């Protein structure tokens, strides 16, 4: 079944939110094909007609979806529920027998379904809001919720027609090229033509937009933003310049013109962020900023790289089968990294590549291979698959060169028309043809096999002989039987010495050694002078030839020398090892590096998080960071913070410095003026001081992102004060520990960790004997407060969040104060000490109300205030009003604010029937993002034994199945709801149980021949072409032998040496022997003959004609195999 062309006609009325249309598919069928399978989700099919020989015939169709399977599972749950409901929405059309033509047209009339969240109309927030917009999203490369299309893996031509009322002045962002505009009675028809595309590459956006042209020599590339967004003009101009700059860079990198003539990028109000189609890209308007923020401009440059790389490697070059998707994903990620390098520099490129490699090395445990037919398309869209595919192409560059990689990408795009089914093996041959190198072992290890290898290298130094001996210990990461067990191939060890840098190639399956170079100039040293070691430090695999974590166990002084080097990757490796158990000397060196402005800023940020967690004897890392902040950012001889004066690097250092302080150990106590003071109190007071004296009036950049991070950081040390140990003497038990260091793992902003089931905060605090989350959540909604209306004004009004009941907390004792904490009174410090909770909440509320008057970018300040207050409430230090959170979780609040309010609401009030009912009602009409977040939070809370939310979910079983029935057309939401159902049916697994189940399924579905795929790789690599030659054609044979390697079958009659002893013959060998079942086991290799060898061939021919004439007709076929300068000869009977 072949699709010649499809014509989609859309009728839209933005004012009335109407969308309907019809599609006409011209089909050429083969003999016997009489059933057409169309993909259609959340669309109401009205009629199906077949047009053949100018005759129209209405036919019946059969809809197939998961409704029956969902109903059956609701009645009687089965463990195979996901297998039964994981079906694409389709309908079948049977071609009538009277339609005998092989080429005909199918017309399908349809309209939008009730619960279709792929086509979203903009909802005005007030009568004065004149903006109109509709966005049709092809999430997961699936457009079946926009229009029905035939299931076919190949591209075809498209004609897209948009019919709009003539009264609407709108801009259309559509795939393809605009061909015509025709005005008829009360409507306008816009016609676009798409040359070749998959159905999943089509989407559209229509609305009242302003257009900004991208200057690339034509007028077909533009950026669109909603009308009335004049504040974004400067940001849009810079964005257009970045797109123009990157198009030129892509042409230079790929050595060819940008493949598409048109490109339209739209910033929309709808819930469509980073939705890409052929010639189109839809981004959330919140990605732009009108406040001159620093971080959004960095993010926008990465978004530009993502758009351009997606257009080239998702839509221009595209694979046919999903099993080959790793090629497109890997090339896209590889090219995107170099685009980011073009904007952000080489150090940023190396740093992010190292982080990506570490991500793969940490998580490649229960993951399938990149090339595995059992992989689902869901797994191909997750972060691990994308990262490993991208890292593999960087690995190819490490084994080849960047010039070769540019040629491979260029040649792949050039031959995009040759992409067929099972393209992976053809791609291996393409790499060989372009580079001339046989890299089958690399593909076999990292594409066709799962898992990676972790290596620990230990060494000893013999100073007398200047010899370094190595021992290696290799540990596989994969839990599967056919995973990689050892590193394949040699490993380059690089020794950095005083005499220079030297490379040594080792095989890790044996003992290895090398000799370092002593100093050439030897001076007479005094008796007191210490001998200087010529060997400074050692690194392994510096070119990135292997995807393995190779750790060399070196003394600290070598890692310090490596840290002082300018290589970013080497510095990261040194920090990883030095942070395990640092000494005071190491910490002092880290402090000096922190002040060195020539060090890459992300290395300095990494140092901040290491120092904040380090406590060694009388050395307190968090105190050194406070001193550093006071020195750099405070008025001299005071702790009053200077007015903000941001520039790029100092901004990131200042922001992460506060964040690192908040993650310090809160249970460190020191004696100040005769009283014990905890580190949490010191850090809280310091951060409150930063918020109190923050002044951005003279700064050229906005401080919204900075203040957002500071507010959320404040909640971490404050939460630790909720534990009784903080005010008791129990901390003295651990006070005398000589060395205290928290795990140096996470440094990113995991702001939602506390609200998730496996959050680190609850576990870390419980290690100190703190209250459980059940205790902390009890009574979290207590406290008297008038109901809060979001529409009321805020003048002279108490905070809707603050519900600290001071009257209940008062005690008879005059010198002690009490704070209401989850229904109990906790003894605090004496009244002469500041009340950090009251001061913090006061500052948080001040910034929250200020953000309502002068909104920050994406309302980040409000979002952080919600998370900070929610965290304090979760730990029982205050309580939030549920009505306020419910209002914040509703439209038209900004999406990130709604998500934050929804998480806090579910975490605090999950037992409240009103709250749960309001959330389920919201999910019936919620957007895609809101649904995903809500179901993720529900699953996390239900999985945690600290919450009793699972019981609540079981009471909502009927509503959950109703949501599953309504959202069966959205594959992502359907999977999240299915996870929730498995949870309430007590089918959840622990990590160990999950790994055992994965291994059991993997081994059961694994082919019997583990090397089946690799053997096929060899056959595909060799090819099936056969060339028949006769030995009397010596000139032809000589040319062939000089070109490639051949397998030659030659019959002989008796034993005699030929080719100068290269081969021995046996007597009485038949001329046409029967081949053995596995003849390759008896083959052997000899080098290709040179001129002398060719002369030997001539002698062979002469010998054959004189002594024992040879039957030249019996000479076997010659099979072409790679040009590796070898010839393989085999006896016929062998």
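Numbering (the working numbering), first residue to last: 14 to 1147.
Note that CB positions come from ideal geometry on N, CA and C, so glycine has one too.
Treat the numbers as computed from the prediction; the structure is a model and nothing was measured.
Would you mind sorting residue i into buried or exposed? The rule is 16 or more other CB atoms within 10 Å of its CB.
i	result
residue 912	buried
residue 406	buried
residue 653	exposed
residue 449	exposed
residue 260	buried
residue 29	exposed
residue 280	buried
residue 437	buried
residue 729	buried
Considering only their Cβ atoms, is the gap separating residue j from residue i smaller than 7 Å?
i	j	result
residue 510	residue 548	yes
residue 51	residue 163	yes
residue 247	residue 718	no
residue 284	residue 875	no
residue 35	residue 120	yes
residue 673	residue 622	yes
residue 74	residue 104	yes
residue 507	residue 552	yes
residue 98	residue 83	yes
residue 1012	residue 944	no
residue 292	residue 386	no
residue 585	residue 367	yes
residue 516	residue 505	yes
residue 18	residue 170	yes
residue 697	residue 849	yes
residue 502	residue 411	no
residue 90	residue 998	yes
residue 898	residue 918	yes
residue 62	residue 56	no
So what does DSSP say about residue i, is it helix, strand or coil?
i	result
residue 474	strand
residue 336	helix
residue 286	coil
residue 498	coil
residue 209	strand
residue 22	strand
residue 30	coil
residue 487	strand
residue 593	coil
residue 219	strand
residue 603	helix
residue 580	coil
residue 895	helix
residue 883	helix
residue 280	strand
residue 174	strand
residue 992	helix
Taking 7 Å as the CB-CB limit, is residue i close to chain B?
i	result
residue 701	Structure shown: chain B not included; a single protein chain is present.
Closer than 8 Å is the cut-off here; do at least three beta carbon pairs connect the stretch 372 to 390 with the stretch 351 to 362? no
Segment contact flag, the stretch 647 to 665 with the stretch 705 to 725, C-beta cutoff 8 Å, min 3 pairs: yes
Could you name each continuous alpha helix (DSSP H) segment of 4 residues or more that falls completely within the stretch 408 to 463, going from the start of the chain to the end? 415 to 427, 436 to 448, 453 to 459
Unbroken stretches of the alpha helix (DSSP H), 4 residues or longer, contained in the stretch 305 to 384: 308 to 323, 338 to 357, 359 to 376
For the structure I just gave you, are there three or more beta carbon pairs, one from the stretch 551 to 562 and one from the stretch 360 to 376, closer than 8 Å? yes
Runs of beta strand (DSSP E) lying entirely within the stretch 33 to 65, each at least 3 residues, in chain order: 48 to 52, 56 to 65
Counting Cβ pairs, one atom from each stretch, are 3 or more of them under 8 Å apart for the stretch 235 to 255 and the stretch 196 to 206? no
Taking contact to mean at least 3 C-beta pairs separated by less than 8 Å, is the stretch 427 to 439 in contact with the stretch 356 to 367? no
Go through the stretch 624 to 703 residue by residue and report every complete run of the alpha helix (DSSP H) that reaches 4 residues or more, in order. 634 to 646, 661 to 675
Flag this pair as touching only if the stretch 947 to 954 and the stretch 16 to 34 have three or more C-beta atom pairs under 8 Å; answer yes or no. no
Can you give, in chain order, each stretch of the beta strand (DSSP E) that sits fully within the stretch 96 to 147 and has at least 3 residues? 103 to 107, 116 to 125, 132 to 134
Three or more C-beta pairs below 8 Å linking the stretch 213 to 229 and the stretch 174 to 191: yes
Three-pair Cβ contact test at 8 Å for the stretch 333 to 342 versus the stretch 303 to 317: no
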